[in-house]
Amino acid sequence: MEGLCWALPEHIVINILSYLSREDRARAGSTCTTWHRCYKSPMLWHVSTLNFQRPKDGHCLQWLQQYAQHIRVLRILVNQREEQNRQNACEALKILCHTEGRKLTSLRINFTETNPLFYAGQEFIDVLKTLFGCRMESQKIQFRHVDLSGLSVAYDDSVFEILSLNNPQLETLNVLNGNLVCKISPECVENIAQRCRCLTELRLFHCSLSDGVLYALAEADRKPLKHLSLLCRREQKYTQDLSSEAWSELVKKSPQLRVVLGFDHTCPLRMVAGILKPEIPVVDLRLETFTYIYDEVNLAAVLYYKTLEKVVLQTRNSPELGDALIKLCTRSERLTCLMVYCVLEKRVVDTILAVRPEMKEKGTYILKWKQEPEPWTVGVEEGD
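Residue 139 in numbering that gives the first Met the number 0 sits at position 140 of the sequence shown, with consecutive numbering throughout.
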């Protein structure tokens, strides 16, 4: 075995080990001195995952103590229904807080189960404040990518004020989580935009935006924004709409901007048309309202036919919807994906696939003319 191990260059061995779990890595690393040296290589631990699904998974904290300073990209998975799993995940974040020479630049946390009843996740809020705020003398590396969309807790401004104050090199931020209440204010997001001049990708709830945020993102001495994802929910009834002037300034600064705009069933339907500003470069539109939305589809066909690439609808069928979909697909030459979660007329489906044959070739559609059990299969029709 020793001779076989020496036959492989170390960078190839490290690449092989990177595909293995920690347990398998340890076993492979014990086969010979060469593989053991590769197992100890900092490169092997640059991208790591911590998975806390059972209380016994806490044993990986010992491994983290040893290799935390080498981690650059970290994903944490937590089955939050058991308290011990939550404690282990928070302990992992605390270890990172106190790691000398930490090189961590990218963090993603995901809850993997439904939250326990009345669970607020305050312990995660507290430890994230510490992690984003700690700056030891040896700590010169800043966070550049933070994805907290999988963490179903009620964030407040304090978490992101600390993040933006201490990590001005931040490039991407995702806070589109599944919590029912959004407490991130437009003032906080405006501060993030002003402090983090390298921010190019932002995903958040529409209620956390304001004209001030858009103008801050359009300032001359910052990097152009490339991606903006917005979800409109019940909070829209309590917020002011964004102006066309502010959107125009942002698009002028960021001509390559791609916007994902979504509406869920809690968003007041009367407000949808007002939010669909013609200045917004919408590439992905999601109207998941479960109501009649053919007027909004017609409006999208008029406003976004030059930019739309994907449309998702959860709605009710009507003759007007069928005509609106045909109009949308006929006008939108960039449209390559259409997911419609209601039963349409067969002539509508046939017309759409005739107009946009590339969707049928790639299977990037859901279009049904017969009721069948869910989940519906993407791109598969009867007789295909």
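Beta carbons: idealized from backbone N, C-alpha and C, even for Gly.
On a predicted model such as this, the values are computed, not experimentally measured, just so you know.
- List in chain order: all unbroken alpha helix (DSSP H) runs of 4+ residues lying wholly within the region 292–355. Segments of the alpha helix (DSSP H) lying fully in the region 292–355: 293–302, 318–330 and 345–354.
- Message: Quick check: the Cα distance between Val296 and Arg202, rounded to an integer number of angstroms?
- Response: Spanning the two alpha carbons is a distance of roughly 23 Å.
- Start and end of the alpha helix (DSSP H) containing Glu160? Bounds of the alpha helix (DSSP H) holding Glu160 are Asp156 to Asn165.
- Return the residue from the list Ile274, Ser29, Cys197 and Tyr237 that minimises the CA-CA distance to Ala219. The shortest C-alpha separation from Ala219 is found at Cys197.
- Message: What does the alpha-carbon distance come out to for the pair Ile13 and Arg24?
- Response: When only Cα atoms are considered, Ile13 and Arg24 end up about 10 Å apart.
- Item | Minimum C-alpha distance to Gly132 - residue among Leu76, Phe159, Ile70 and Lys102 | Nearest to Gly132 by alpha-carbon distance, out of Leu76, Phe159, Ile70 and Lys102, is Phe159.
- Quick one: what's got a C-beta closer than 6 Å to Thr32's C-beta in the same chain, skipping five residues either side? Excluding positions up to five away in sequence, the list is empty.
- Take Gly100 as the anchor and find which of Cys89, Gln68 and Lys93 has the nearest alpha-carbon. Gln68 is the residue among Cys89, Gln68 and Lys93 whose C-alpha sits nearest the C-alpha of Gly100.
- Contained alpha helix (DSSP H) runs [length at least 4] in the region 85–148, N- to C-terminal order: Inside the region 85–148, DSSP marks whole alpha helix (DSSP H) runs of 4 or more residues at positions 121–132, from first to last along the chain.
- Task: Helix, strand or coil for Asn190, going by three-state DSSP, please let me know.
- Result: Three-state DSSP puts Asn190 in a helix.
- Item | Met270 Cβ short of 7 Å to the ligand COA heavy atom set | Of the ligands one can find in the structure shown there are none, so the ligand COA has no counterpart to examine.
- Cβ pair Pro223, Ser253 closer than 8 Å: Cβ atoms of Pro223 and Ser253: closer than 8 Å.
- Identified DSSP bridge partners for Tyr364: Per DSSP, Leu337.
- Item | Contacting residues, own chain, Cβ-Cβ under 8 Å from Ile183 (five flanking each side not counted) | The residues are Tyr154, Asp155, Asp156, Phe159, Val174, Leu203, Phe204 and Ser207.
- May I have the straight-line CA-CA distance separating Cys4 from Trp34, to the nearest angstrom? Low confidence applies here, because Cys4 scores a pLDDT of 49, under 50, leaving its location unreliable; read the following figure in that light. Cys4 and Trp34: Cα-Cα distance of roughly 7 Å.
- Using the C-alpha atoms, what's the distance from Arg71 back to Leu169? C-alpha of Leu169 to C-alpha of Arg71: approximately 14 Å in a straight line.
- Query: Can you give the beta carbon distance from Val77 to Leu106, rounded, assuming they're within the 8 Å contact cut?
  - Reply: Not confirmed; about 13 Å, so no contact.
- For Thr314, is the classification buried or exposed, using 16 other Cβ atoms within 10 angstroms of its Cβ as the cut-off for buried? Answer is buried; the Cβ neighbour count reaches 16.
- Message: Let's see if you can read the secondary structure: which residues bound the alpha helix (DSSP H) around Thr32?
- Response: Unbroken alpha helix (DSSP H) run through Thr32: Thr32 to Tyr38.
- From this set, Arg285, Ser243, Asn178 and Gln83, which residue's C-alpha is nearest Gly273's C-alpha? Out of Arg285, Ser243, Asn178 and Gln83, Ser243 has the C-alpha closest to the C-alpha of Gly273.
- Query: Arg257 bridges to which residues according to DSSP?
  - Reply: His226.
- Where does Glu9 sit, in a helix, a strand or coil, going by DSSP? Reduced to three states, the DSSP call for Glu9 is helix.
- Query: Taking buried to mean at least 16 other C-beta atoms within 10 Å of its own C-beta, is Glu189 buried or exposed?
  - Reply: Result: buried.
- Message: Need the endpoints of the beta strand (DSSP E) that Ser47 sits in, please.
- Response: Per DSSP, Ser47 belongs to the beta strand (DSSP E) from Val46 to Phe51.
- Residue closest to Leu275, alpha-carbon to alpha-carbon, out of Phe289, Leu229 and Thr290: The alpha carbon of Leu275 has as its nearest neighbour, out of Phe289, Leu229 and Thr290, the alpha carbon of Leu229.
- Message: Per DSSP, what are the beta-bridge partners of Glu82 in this structure?
- Response: DSSP output for Glu82 lists no bridge partner at all.
- Can you have a look at Ser331 and say buried or exposed, based on whether 16 or more other CB atoms are within 10 angstroms of its CB? By the neighbour-count rule (16 or more Cβ atoms within 10 Å), Ser331 is buried.
- Nearest residue (CA-CA) to Arg355, options Pro372, Val342, Arg346 and Cys336: Per the Cα distances, Cys336.
- Query: Is Arg221 helix, strand or coil when you go by DSSP?
  - Reply: Coil at Arg221, not helix or strand.
- Supposed close pair Leu256, Lys225 - CB separation, criterion 8 Å: Rounded, the Cβ-Cβ distance is 6 Å, consistent with contact.
- Query: Which stretch, first to last residue, makes up the alpha helix (DSSP H) that contains Glu244?
  - Reply: Its alpha helix (DSSP H) spans residues Ser243 to Lys252.
- Roughly how many whole angstroms lie between the Cα atoms of Arg85 and Met270? Spanning the two alpha carbons is a distance of roughly 39 Å.
- Query: How big is the Cα-Cα spacing for Trp44 and Ile124?
  - Reply: Here the alpha carbon of Trp44 sits roughly 26 Å from the alpha carbon of Ile124.
- Message: On the criterion of 16 or more Cβ atoms from any shown chain inside 10 Å, does Thr265 qualify as buried, or is it exposed?
- Response: Residue environment: Thr265 is assigned as exposed (fewer than 16 neighbouring CB atoms within 10 Å of its CB, all protein chains considered).
- In chain order, what residues of the same chain have a beta carbon less than 6 Å from the beta carbon of Thr238, not counting five sequence neighbours either side? When the five nearest sequence neighbours on each side are left out, the beta carbons in the same chain lying within less than 6 Å of the beta carbon of Thr238 are those of Cys206, in order along the chain.
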